[in-house]
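Visitor: Just so we're aligned: the sequence shown equals residues 302 to 614 in the working numbering. Don't be surprised by glycine CBs; every beta carbon is placed ideally from N, CA and C.
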Amino acid sequence: MRIGLIAIDGCFGSAVASVIDIVRVADGARGDVDPRIDPIELAILGPKRRVTTTTSMTLSVDHPLSESAEFDVVVVPALGTLTAAATNDALQSRDARSVIASLGRLDDATTRIAAACTGVFAVAETGRMHHRRATTSWFLGPEFLKRYPTVALDLDTMVVVDGNLVTAGAAFAHIDLALSLVRSISPDLAQHVAKLLIIDERPSQAAFVAYEHLRHEDPIVVEFERFVRARLDEPFNVAFVAQSLGTSRRTLERRVRAALNLTPLGFVQRLRIERARHLSATTDLTSAEIALRVGYANAETLRSLLRRERRRS
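What follows is the structure, encoded as structure tokens:
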């Protein structure tokens with residue numbers, strides 16, 4: 302497999318380094334796992350001969366962006382931004398526009414595109430994510446949905462694969478992205494690399510999502526979260542909650558969907574699962590007791606939801 306890693310000035314240093322290290326460790330270890338695994342080549346692609354990352358690491362570019370189509374996989378790392386405004390500005394830079402143009406010329410039938418964090422924005426700019434599943438940095442979810450409303454955004458899952466597109470979550474999800482690429486070559490090799498580098502499995506971003514941060518710009522959704530968090534052990538009725546917040550059911554459903562890409566009930570279920578997992582890890586409560594504390598009279602209902610979440614991840 303030939304992997305082309307795109308790098309531009311200001312890209313996230315540890316993101317680039319983690320992909321390089323994981324891929325090169327995989328190539329070095331493949332003979333120990335299965336001698337039949339073909340070599341894994343990684344090269345740096347870029348708009349200029351040298352680029353400097355956020356960590357002041359200087360990379361020599363092996364190939365120009367015009368040669369991206371010669372690689373089996375093209376990886377787009379984070380742009381090195383942390384806010385919506387900075388990300389939008391970065392996407393307008395000359396280097397970023399060059400990257401977006403080169404990605405737009407790739408053939409879906411011959412080249413996979415992998416991206417993580419704000420790098421997913423650059424891929425979405427090409428238009429090739431319409432009506433496809435993807436993930437990105439959880440804290441930039443609202444901005445992503447605003448810019449690319451036709452993308453089916455999944456902010457819980459760490460790595461999302463949809464055809465030839467592979468996307469991953471925030472910052473250090475580049476590790477998960479790189480392991481996913483190795484896993485596509487050989488699951489045994491990916492497992493071996495994870496053990497060598499002591500990488501724990503992290504199938505979901507859900508544990509890291511601070512929902513109040515996602516919705517700080519929408520007061521109705523903020524109040525909705527506060528209201529239901531305080532009453533997770535009570536039956537949920539969206540009409541009653543909307544009335545309590547002084548709004549209509551239709552408005553509440555529309556605002557929650559716009560902010561989170563979830564229905565109000567779907568969001569409450571996520572909060573209940575989050576609370577249940579926390580109680581399971583930090584208390585000695587039985588599953589039946591935990592179920593009651595998060596609004597389920599039947600422990601099997603909670604277990605079923607937890608199993609469904611694991612399958613989704």
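Please report the Cβ distance between Leu360 and Leu346, rounded to the nearest whole angstrom; I am assuming they are in contact, meaning their Cβ atoms lie under 8 Å.
Guide: What you label residue 360 is simply residue 59 of the sequence shown in a count that begins at 1. What you label residue 346 is simply residue 45 of the sequence shown in a count that begins at 1. So it is not a contact: roughly 10 Å between Cβ atoms.
Visitor: Between the Cα of Leu404 and the Cα atoms of Leu383, Phe372, Asp390, which residue gives the shortest distance?
Guide: Along the sequence shown, one-based indexing puts residue 404 at 103. Considering only alpha carbons, the answer is Phe372.
Visitor: Using the DSSP secondary-structure output, state which residues sit across from Pro365 in a beta bridge.
Guide: Here residue 365 is taken as the residue at index 64 of the sequence shown, counted from 1. Its beta-bridge partners are Gly347.
Visitor: Between which two residues does the alpha helix (DSSP H) holding Ile618 run?
Guide: The displayed coordinates of the chain run from 302 to 614. Any statement about residue 618 would go beyond what the structure contains.
Visitor: Can you give the Cα-Cα distance for Ala410 and Gly464, rounded to whole angstroms?
Guide: The residue given as residue 410 occupies position 109 in the sequence shown. The residue given as residue 464 occupies position 163 in the sequence shown. Cα to Cα, Ala410 sits roughly 10 Å from Gly464.
Visitor: Give me the DSSP bridge partner(s) of Glu342.
Guide: Position 41 of the sequence shown, counted from the first residue, corresponds to residue 342. Looking at the DSSP assignment, Glu342 forms a beta bridge with Arg303.
Visitor: Of the choices Ile307, Gln544, Thr584, whose alpha-carbon is the least far from that of Leu343?
Guide: Here residue 343 is taken as the residue at index 42 of the sequence shown, counted from 1. Looking at the Cα atoms, Ile307 is the closest of the given residues.
Visitor: Let me make sure I understand the geometry here. Which of Gly305, Asp335, Val483 has the alpha-carbon closest to that of Val317?
Guide: Taking the first residue of the sequence shown as position 1, residue 317 is located at position 16. Comparing Cα positions, the closest option is Gly305.
Visitor: Considering only C-alpha positions, which residue in the set Arg350, Leu606, Arg555, Arg556 is nearest to Arg576?
Guide: Position 275 of the sequence shown, counted from the first residue, corresponds to residue 576. Looking at the Cα atoms, Leu606 is the closest of the given residues.
Visitor: Looking at the unbroken beta strand (DSSP E) that takes in Arg413, where does it start and where does it end?
Guide: Walking along the sequence shown from the start, residue 413 turns up at place 112. 413-417 is the extent of the beta strand (DSSP E) around Arg413.
Visitor: Give me whichever residues DSSP pairs with Leu469 in a beta bridge.
Guide: Here residue 469 refers to the residue found at position 168 when the sequence shown is read from its first residue. The sequence as given places Ala at residue 469; Leu does not occur at that position. Note: Ala469 sits in a beta bridge opposite Ala417, Val460.
Visitor: Arg429 and Ala453 - do their beta-carbons sit closer together than 7 Å?
Guide: Indexing the sequence shown from 1 puts residue 453 at position 152. Indexing the sequence shown from 1 puts residue 429 at position 128. In this structure, Arg429 does not lie closer than 7 Å to Ala453 by Cβ.
Visitor: Since Val569 sits in a beta bridge, which residues does DSSP pair it with?
Guide: What you label residue 569 is simply residue 268 of the sequence shown in a count that begins at 1. In the DSSP output, where bridge partners are listed per residue, Val569 has none listed.
Visitor: If we ignore side chains and look at the alpha-carbon of each, how far apart do Arg608 and Leu546 end up?
Guide: As a position in the sequence shown, residue 608 is number 307, starting the count at 1. As a position in the sequence shown, residue 546 is number 245, starting the count at 1. Whole-angstrom Cα-Cα distance: 32 Å.
Visitor: Rounding to the nearest angstrom, what Cα-Cα distance links Thr436 and Val424 in this structure?
Guide: Working through the sequence shown from its first residue, we reach residue 436 at position 135. Working through the sequence shown from its first residue, we reach residue 424 at position 123. Approximately 12 Å between the Cα atoms of the pair.
Visitor: Confirm, please, whether the CB-CB distance from Ala370 to Val494 is below 7 Å.
Guide: Here residue 494 refers to the residue found at position 193 when the sequence shown is read from its first residue. Here residue 370 refers to the residue found at position 69 when the sequence shown is read from its first residue. No; because the gap between Cβ atoms is not below 7 Å, this pair is not in contact.
Visitor: When you compare each of Ser394, Val375, Ala391 to Arg406 by their alpha carbons, which one comes out closest?
Guide: Translated into the one-based positions of the sequence shown, residue 406 becomes position 105. When only C-alpha atoms are compared, the closest one is Val375.
Visitor: What is the DSSP secondary structure of Ala308, counted as helix, strand or coil?
Guide: Numbered from its first residue, the sequence shown carries residue 308 at position 7. It is coil, neither helix nor strand.
Visitor: Which residue marks the beginning of the alpha helix (DSSP H) containing Val400, and which one marks its end?
Guide: Looking up residue 400 in the sequence shown gives position 99. Note, Val400: alpha helix (DSSP H), 395-405.
Visitor: What does DSSP give as the partner residue(s) for Val352 in the beta ladder?
Guide: Numbered from its first residue, the sequence shown carries residue 352 at position 51. Leu360.
Visitor: What is the DSSP secondary structure of Ala453, reduced to helix, strand or coil?
Guide: Position 152 of the sequence shown, counted from the start, is the residue given in the question as residue 453. Reduced to three states, the DSSP call for Ala453 is strand.
Visitor: Would you identify the three-state DSSP class for Arg433, choosing helix, strand or coil?
Guide: What you label residue 433 is simply residue 132 of the sequence shown in a count that begins at 1. Arg433: coil per DSSP, three-state reduction.
Visitor: Where Pro340 and Ala386 are concerned, what is the direct C-alpha to C-alpha distance, given to the nearest angstrom?
Guide: Along the sequence shown, one-based indexing puts residue 340 at 39. Along the sequence shown, one-based indexing puts residue 386 at 85. Each residue's Cα considered, the two are about 41 Å apart.
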